[in-house]
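Heads up, the thing below is written out as structure tokens.
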Amino acid sequence: MPTGTQFRQTASALDVLGQASADARSDLFRLGSNTGVRGGTFATTIDRGLDTTAINLGSVTGRCLAEAAEARRRATLCDQYTAAIRNYHVRLSNWQNSPPEAPPTPRPMPPIRPAAWADAG
Amino acid sequence: MTVECTPAIARATATNLTTAFTSVGTAATSLFTTSAANQTTDLTAGLSVLTSECVEETGLIASILRSLALAVEGADAFGGSEDFFANQADGSLAALLRSLSDGRGDHGGNTAQQRVDELTDSIWPGGVPPGLTDAELVDSLLTGPRASTLTPDELAAVWPLLPAAGREQFAAAEPVAVLNLVIDGGLVLSDTELDAVTASVLADIPTVPNFVDPDLADQLDAVSSAPFGLPRFDRSGLAIDRADVLISAGQAGRDYRDAVNHPVTYLALAVGLQSGGAARRNDDGLIVVTVPADAEVSINDLIGSGSEFAVAPFGRGGTTYGNTFIVPDTNRVDDDLLNHENIHTYQWAGAGPVEYPILYGIQSGDSMIADITRNGLDIDLSLNGDIHTIPVDIGPLGPSGTPSIPIPGAGRLPGWFPDRIPSIPLPQLDLPEVQIPVGVSIDPDVEFAPPNAACGNAFEQHADLEHGNYGCDDY
Numbered sequence: 000m001p002t003g004t005q006f007r008q009t010a011s012a013l014d015v016l017g018q019a020s021a022d023a024r025s026d027l028f029r030l031g032s033n034t035g036v037r038g039g040t041f042a043t044t045i046d047r048g049l050d051t052t053a054i055n056l057g058s059v060t061g062r063c064l065a066e067a068a069e070a071r072r073r074a075t076l077c078d079q080y081t082a083a084i085r086n087y088h089v090r091l092s093n094w095q096n097s098p099p100e101a102p103p104t105p106r107p108m109p110p111i112r113p114a115a116w117a118d119a120g
Numbered sequence: 000m001t002v003e004c005t006p007a008i009a010r011a012t013a014t015n016l017t018t019a020f021t022s023v024g025t026a027a028t029s030l031f032t033t034s035a036a037n038q039t040t041d042l043t044a045g046l047s048v049l050t051s052e053c054v055e056e057t058g059l060i061a062s063i064l065r066s067l068a069l070a071v072e073g074a075d076a077f078g079g080s081e082d083f084f085a086n087q088a089d090g091s092l093a094a095l096l097r098s099l100s101d102g103r104g105d106h107g108g109n110t111a112q113q114r115v116d117e118l119t120d121s122i123w124p125g126g127v128p129p130g131l132t133d134a135e136l137v138d139s140l141l142t143g144p145r146a147s148t149l150t151p152d153e154l155a156a157v158w159p160l161l162p163a164a165g166r167e168q169f170a171a172a173e174p175v176a177v178l179n180l181v182i183d184g185g186l187v188l189s190d191t192e193l194d195a196v197t198a199s200v201l202a203d204i205p206t207v208p209n210f211v212d213p214d215l216a217d218q219l220d221a222v223s224s225a226p227f228g229l230p231r232f233d234r235s236g237l238a239i240d241r242a243d244v245l246i247s248a249g250q251a252g253r254d255y256r257d258a259v260n261h262p263v264t265y266l267a268l269a270v271g272l273q274s275g276g277a278a279r280r281n282d283d284g285l286i287v288v289t290v291p292a293d294a295e296v297s298i299n300d301l302i303g304s305g306s307e308f309a310v311a312p313f314g315r316g317g318t319t320y321g322n323t324f325i326v327p328d329t330n331r332v333d334d335d336l337l338n339h340e341n342i343h344t345y346q347w348a349g350a351g352p353v354e355y356p357i358l359y360g361i362q363s364g365d366s367m368i369a370d371i372t373r374n375g376l377d378i379d380l381s382l383n384g385d386i387h388t389i390p391v392d393i394g395p396l397g398p399s400g401t402p403s404i405p406i407p408g409a410g411r412l413p414g415w416f417p418d419r420i421p422s423i424p425l426p427q428l429d430l431p432e433v434q435i436p437v438g439v440s441i442d443p444d445v446e447f448a449p450p451n452a453a454c455g456n457a458f459e460q461h462a463d464l465e466h467g468n469y470g471c472d473d474y
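Quick mapping for you: the protein sequence lines, in order, are chains A and B.
Numbering that gives the first Met the number 0 numbers the first residue of the first sequence as 0 and each following residue consecutively.
Numbering that gives the first Met the number 0 numbers the first residue of the second sequence as 0 and each following residue consecutively.
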């Protein structure tokens, strides 16, 4: 399962793609309507293709933004889980090494994994 | 129709397109390599289809533009070469048309109707065959390979556009798939669809196979035995220890929990939805069903006949059944409470769906007895409409100064078995005197305030009393 660092790497890669698709979309609009081809199926299909690509690029940009935010949210949860695991190991070690005369205390509980996709590390 | 091409502009446009999309292609390749290595492909799955569609289609447009430019220039320079380049342009045009109509990209967030059309085209490119029933149509569309590429949100948006009769029959045939669309995609079912789902779940309780990880199986076995290989009799303690093993086992424990709890989870989900609830699934698989605070549900509500005696589908501030947490909408649901309820889901799996309610009931009884012996009972007596709370002190088990008799090895006995036998069978009732004014009639409604069933309950203690909001500071 991914760690917080790995989620951050994916978030950065999503940022790069989001920026590249936003730039490409701007370039498409700058090309304007004159592609050098007029009339017939060629012109209408090229126009349709460019329109579709512009819409799809907008969708890619939006999805990259949303997924990068989700990746960063997951990274934060993984960090919290990592901290909880470390804390648990410290408490477990203290519990296992507690002197015999110390009053009995319940064995520390491991933290719950915050989600199926989360890992500590 | 004649095609006019200005070669210089066409070639410049093609070059600009190629340049603009080189960086998109590079960024996409880098993203998919990173996400594959990091096991985060669930965040990037839809993007690979979209970006490849963009890069491929602009590549074909650039190819058409270059071929047309060469065809025009070739016609000027060499007789006959224009046909070769015109054929190349035709080939690229045909490929572009195919790509635009194959429905791979989402064309900027297709409408739900476009998705229905794509689903239909992917199964029946020549049109829907005559004689297909509504049920067959809906089943084919929602279980076909193309449907698996849609997100639950997208499928939920498609649902209302399918034939109503087919939806109802699909709901009856595949209740778990439909309930998953409700909790993962926000699907809102009609009354008849919800009735169909509920009737199906009640008639044939859904189960799934439980493939237990070998390491996990060994750990579960290890906690199931007492010293000398004897089975453990403290069933509540065993259930809690098994829950801890499942929590520690990560994904394997979660899979085990989901499989064991599956029947109860979906039964409770159907009941919660029938009570007017709205459901969503959170990150760790806990399904939160928020129902109106005055919600009640009867057998009649669930199956359309039978008793109309209705009860609230939750106790006090909310109840977890399997993986489903049914909570009244007046309750504040925060992360602490969700973590608390999440631990209950593992307890359900640790004990199993048959034993857990019994053990929980025994623990609640223990807690209530402890509460009564510690704090007494509160009796609400109604006098001429005024409520008077009368504390009744029952006293400790056994008078002070008289030792109780310890039972050897009581720790290995069931939780409800006392560690010590009281020396004198009690309780000692110490009822207060209640002065009833002359002329005041006593309303026959005498109510006992329910003793606390949570603070002394081992399962609630295990799930953390503080986060369960029970006010158990003394425990």
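Backbone N, C-alpha and C define an ideal beta-carbon position, used for all residues, glycine too.
Is the CB of residue i under 8 Å away from at least one CB in chain B?
i             : result
residue 15/A  : yes
residue 5/A   : yes
residue 112/A : yes
residue 95/A  : no
residue 102/A : no
residue 98/A  : no
residue 55/A  : yes
residue 62/A  : yes
residue 89/A  : no
residue 86/A  : no
residue 1/A   : yes
Distance cutoff 8 Å, beta carbons only. Does residue i sit that close to anything in chain A?
i             : result
residue 112/B : no
residue 138/B : no
residue 43/B  : yes
residue 280/B : no
residue 290/B : no
residue 395/B : Any reading at residue 395/B is ruled out, since the residue's pLDDT is 45, under 50, leaving its predicted position unreliable.
residue 62/B  : no
residue 338/B : yes
residue 346/B : no
residue 53/B  : yes
residue 253/B : yes
residue 14/B  : no
Starting from residue i, trace the alpha helix (DSSP H) both ways and give me its first and last residue.
i             : result
residue 115/B : 111 to 122
residue 9/A   : 3 to 30
residue 327/B : No alpha helix (DSSP H) contains residue 327/B, which is instead part of the beta strand (DSSP E) from 323 to 327.
residue 44/A  : 39 to 95
residue 191/B : 190 to 202
residue 264/B : 250 to 273
residue 487/B : The displayed coordinates of chain B run from 0 to 474. Any statement about residue 487/B would go beyond what the structure contains.
residue 291/B : Unbroken run through residue 291/B: none, as it is neither H nor E.
residue 111/A : Neither: residue 111/A is in no alpha helix (DSSP H) and is coded neither H nor E.
Does DSSP put residue i in a helix, in a strand, or in coil?
i             : result
residue 286/B : strand
residue 449/B : coil
residue 150/B : coil
residue 19/B  : helix
residue 471/B : coil
residue 278/B : strand
residue 297/B : strand
residue 100/A : coil
residue 14/B  : helix
residue 310/B : strand
residue 213/B : helix
residue 396/B : Reliability of the predicted coordinates at residue 396/B is poor, the pLDDT of 45 falling under 50, and no value is obtained from them.
Report the CB separation of residue i from residue j in whole angstroms; it is logged as a contact under 8 Å.
i             : j             : result
residue 6/A   : residue 77/A  : 6 Å
residue 74/A  : residue 10/A  : 7 Å
residue 342/B : residue 111/A : 7 Å
residue 30/B  : residue 13/A  : 6 Å
residue 8/B   : residue 35/A  : 3 Å
residue 338/B : residue 259/B : With a Cβ gap of about 20 Å, residue 338/B and residue 259/B do not count as contacting.
residue 182/B : residue 267/B : About 12 Å; that fails the 8 Å criterion.
residue 88/B  : residue 66/B  : 4 Å
residue 137/B : residue 166/B : 6 Å
residue 312/B : residue 363/B : That belief does not hold up - the Cβ atoms of residue 312/B and residue 363/B are roughly 18 Å apart, past 8 Å.
residue 80/A  : residue 119/A : 5 Å
residue 246/B : residue 109/A : 6 Å
I'd like the span of the beta strand (DSSP E) that includes residue i, first residue to last.
i            : result
residue 40/B : No beta strand (DSSP E) holds residue 40/B; DSSP gives it neither H nor E.
Name the chain C residues whose beta carbon is nearer than 7 Å to that of residue i?
i             : result
residue 185/B : The chain labelled as chain C is not found among the protein chains of the depicted structure, namely A and B.
Notebook entry, point to check: Any residues in the segment 19 to 33 of chain B with a beta carbon nearer than 8 Å to a beta carbon of chain A? Which ones, in chain order?
Noted result: 19, 20, 22, 23, 25, 26, 27, 29, 30 and 33
Checklist line | Short-range partners of chain A found in the segment 143 to 177 of chain B, where Cβ spacing is below 7 Å | finding: none
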